[in-house]
């Protein structure tokens, strides 16, 4: 039986796949197009490279320490506060995308307040069930996603003009760099994974392949989506709200059955709920470090997030303005620096543990030696005594 | 929270009740109260937009049971949102445009330069971007009103004609995505097919005995527009040239005179092409591979029937195809609209020379070089 936050490698890989893809396929292509234009796919390649580096750091940490249960308050407590703040900021921005998507695509009147109320108990329940339930759900969802992707790949029919990707860096890369630093909020997704501990699967193939496959396919899909999106829409991409949804209608059966993006819509919505649950899980885990009651932490975080959406963010446009403001520097700093600090800490812990183990070992060996000496002495005493008796 | 988990069935029932309450509160419209539009027409009346929506009136069994009735509703207002609201009010149904297959644009929309309307549809999350666009020779409303012969309705008939199994020569199919992509590029030089009405005999369908007239749609001309509005029309031959140059050919017949001075038809079974831009020599090079088959109009008993072109006919065919494409470039230069996006193509591979490339003089200086490889079936 696994502990609440201990997951198998394959489940960790599934969560990694969901976090690396979900919100990069929704509004980000449009946002990126409005800043980086046709260079947006280049910005994404750079950001994905950063993402992979961050992942390596996160994976190093989760394989060595159970961050959530570490007793070193001097190091862990400030990190928990930073993670709590960053998680709240990120969830506010990304949640508004999901609310807006549900409001504009599934409903008529753009009434987002009731949608916030409907999602809140779902997210709270998933987070309450804990890390390994999130891991298992992600793994189940991945199989559904594979079927959807295969179907989409088989049915796709789209006119793309690959020359829309040109010219490259016409302004010496200025647009590309703007695209990178303006959109940190949509990257650095692996912070929630720090709260998990990973154990090996029983199947060797899953152990070896699940994580490299999840990262390669997930990262590749994001880059491919940006390439196709830019090739299909060119400069008109700035008008297209949900890239994955709009691209999904270009298939061989759309003429027969009309709007044919139901599969992608449903799958994305479930993936979005999973990713938000993961971010909220990291926020509540960070808060639980201080207030100890998990239920209270969940209620506090969910209430705060819902109130932010209902009374402050309200519209997805406002979320975007907030996301590209000064807050992006805070988010980026925490997201990229915290894993590095934890890598150093994990190394220090490993060294310390090794030293302590050595000390313990030498202590034990000393004890054994002294007890052996004592026993030899007592044996010689006994021999002396027996000789005297004789 | 633990309490909720302990009494999970109570929690589930409460959650279900909550879901229904929330659903009722968002006033989500039931399918039976929706007016599903299958085609839209947009005209301008002065400064007002006139939107016409062709709506399905489902018979018992719903839309999918077939044999439905259709009705056209029109409304005028200054913006698109308002026209949609007005049609909903007229029909008593919530107008739903997510299933529309075609948008017919009246010529007046381009004359009034209302390109913002395309952005309205493109940014609407419910509209599919593969929706077809056509320009009405006159009013879009008249096209939607047309009585089509074979027991159908104008929107479906038009989208079937625009989206055949194989796109023949001279048929230009433009989706909202394609149109918007060109509209947001450079000067917005763009094109879309023109639909015209042709009277034909009514259907022989007995259930349509009362039908006194019927129309079919002509789709062999192309409208040229840019951000300055409507700029001109490509006739049948120029439209054929455009479909050759745009490399969308999957089927079609070109007529020419054979080596023995008889009329022959060359059936293009398939074609593939690639484009190269040589900035130094100002050459626009199209490399094309065509699979063709030859047939003769008149079959005379003393002549041998051939399926293959001889070398002289092949050369004539190359000249014919080149002339068609050259005619489109010449027309582009004449009206000042880069129909084939030649300038944009040169700019994309030579961005440093943007200032020189994006001029009318540059387009005039371009030489067409067509390298056509013919494979005979």
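Chains as they are written, first to last, in my numbering: chain H, 2 to 391; chain B, 837 to 1213. Each residue gets a CB set at the ideal place from its N, CA and C atoms; glycine is no exception.
Using a Cβ cut-off of 9 Å (strictly closer), state whether residue i contacts chain H.
i	result
residue 1013 (chain B)	yes
residue 1185 (chain B)	yes
residue 1019 (chain B)	yes
residue 958 (chain B)	yes
residue 851 (chain B)	yes
residue 928 (chain B)	no
residue 873 (chain B)	no
residue 901 (chain B)	Any reading at residue 901 (chain B) needs caution, since the residue's pLDDT is 46, under 50, leaving its predicted position unreliable; the model's value is listed next. Cβ-Cβ to chain H under 9 Å: no for residue 901 (chain B).
If you drop the 5 nearest sequence neighbours on each side, which residues of the same chain put their C-beta closer than 6 Å to that of residue i?
i	result
residue 1158 (chain B)	1206
residue 1068 (chain B)	1060 and 1171
residue 36 (chain H)	179, 180 and 183
residue 901 (chain B)	Because residue 901 (chain B) sits at a pLDDT of 46, beneath the cut-off of 50, its placement in the model cannot be relied upon, and the following sentence gives the value as read from the coordinates. The answer is none, since no qualifying residue turns up.
residue 926 (chain B)	909
Any C-beta of chain B sitting closer than 9 Å to the C-beta of residue i?
i	result
residue 317 (chain H)	no
residue 164 (chain H)	yes
residue 30 (chain H)	no
residue 122 (chain H)	yes
residue 262 (chain H)	yes
residue 346 (chain H)	no
residue 119 (chain H)	yes
residue 251 (chain H)	yes
residue 282 (chain H)	no
Determine the burial state of residue i: buried for a count of at least 16 other Cβ atoms within 10 Å of its Cβ, exposed for fewer.
i	result
residue 1108 (chain B)	exposed
residue 1093 (chain B)	exposed
residue 391 (chain H)	Here the model assigns residue 391 (chain H) a pLDDT of 45, short of 50, so the residue's position is not dependable and the matter cannot be decided.
residue 979 (chain B)	buried
residue 1025 (chain B)	buried
residue 845 (chain B)	exposed
residue 1098 (chain B)	exposed
residue 1006 (chain B)	buried
residue 310 (chain H)	buried
residue 229 (chain H)	buried
residue 402 (chain H)	No answer is possible for residue 402 (chain H): the residues shown for chain H start at 2 and end at 391.
By Cβ distance, which residues of its chain are closer than 7 Å to residue i, with the 5 residues on each side in sequence left out?
i	result
residue 974 (chain B)	943
residue 11 (chain H)	140, 202, 207 and 211
residue 899 (chain B)	Residue placement at residue 899 (chain B) is poorly supported in this model, since its pLDDT is 49, which falls under 50; the coordinates are not used for a value here.
residue 268 (chain H)	145, 146 and 149
residue 99 (chain H)	273 and 277
residue 394 (chain H)	Any question about residue 394 (chain H) goes unanswered here, given that chain H covers just 2 to 391.
residue 1115 (chain B)	1182, 1186 and 1189
Sorry if obvious, but does the Cβ on residue i come closer than 8 Å to a heavy atom of the ligand HEM?
i	result
residue 244 (chain H)	With respect to small molecules bound, the structure shown includes none, and the ligand HEM cannot be examined in it.
Can you tell me whether residue i is helix, strand or coil according to DSSP?
i	result
residue 271 (chain H)	helix
residue 65 (chain H)	helix
residue 1123 (chain B)	strand
residue 1007 (chain B)	coil
residue 205 (chain H)	helix
residue 178 (chain H)	helix
residue 1091 (chain B)	strand
residue 936 (chain B)	coil
residue 878 (chain B)	strand
residue 951 (chain B)	coil
residue 1205 (chain B)	strand
residue 971 (chain B)	strand
residue 126 (chain H)	helix
residue 1058 (chain B)	strand
residue 253 (chain H)	coil
residue 870 (chain B)	strand
What does a CB cutoff of less than 8 Å around residue i pick up in its chain, not counting 5 residues either side in sequence?
i	result
residue 1146 (chain B)	1095
residue 995 (chain B)	875, 937, 938 and 968
residue 237 (chain H)	none
residue 83 (chain H)	335 and 339
Could you confirm whether any beta carbon from chain A is found closer than 9 Å to the beta carbon of residue i?
i	result
residue 268 (chain H)	Here the protein chains are H and B, and chain A is not one of them.
Check each residue of the segment 1078-1109 of chain B: if its Cβ is closer than 7 Å to any Cβ of chain H, include it; give the result in chain order.
-> none
Taking Cβ-Cβ distances below 7 Å as the criterion, which residues of the segment 224-245 of chain H are in contact with chain B?
-> 233, 234, 235, 236, 237, 240, 241, 242 and 243
Below 7 Å between beta carbons is the criterion; list the residues of the segment 139-173 of chain H that meet it against any residue of chain B, in chain order.
-> 160, 164, 167, 168 and 171
Which residues, in order along the segment 935-965 of chain B, keep a beta-carbon less than 8 Å from a beta-carbon of chain H?
-> 935, 937, 955, 958, 959, 961, 962, 964 and 965
Contact list for the segment 170-203 of chain H against chain B, Cβ threshold 7 Å | 171
In the segment 312-342 of chain H, which residues sit with their C-beta less than 9 Å from some C-beta in chain B, listed in chain order?
-> none
May I ask you to list, following chain order, the residues of the segment 10-41 of chain H that have a beta carbon less than 8 Å from some beta carbon of chain B?
-> none
Mind listing which residues of the segment 1148-1182 of chain B have their C-beta closer than 8 Å to chain H's C-betas, in chain order?
-> 1181
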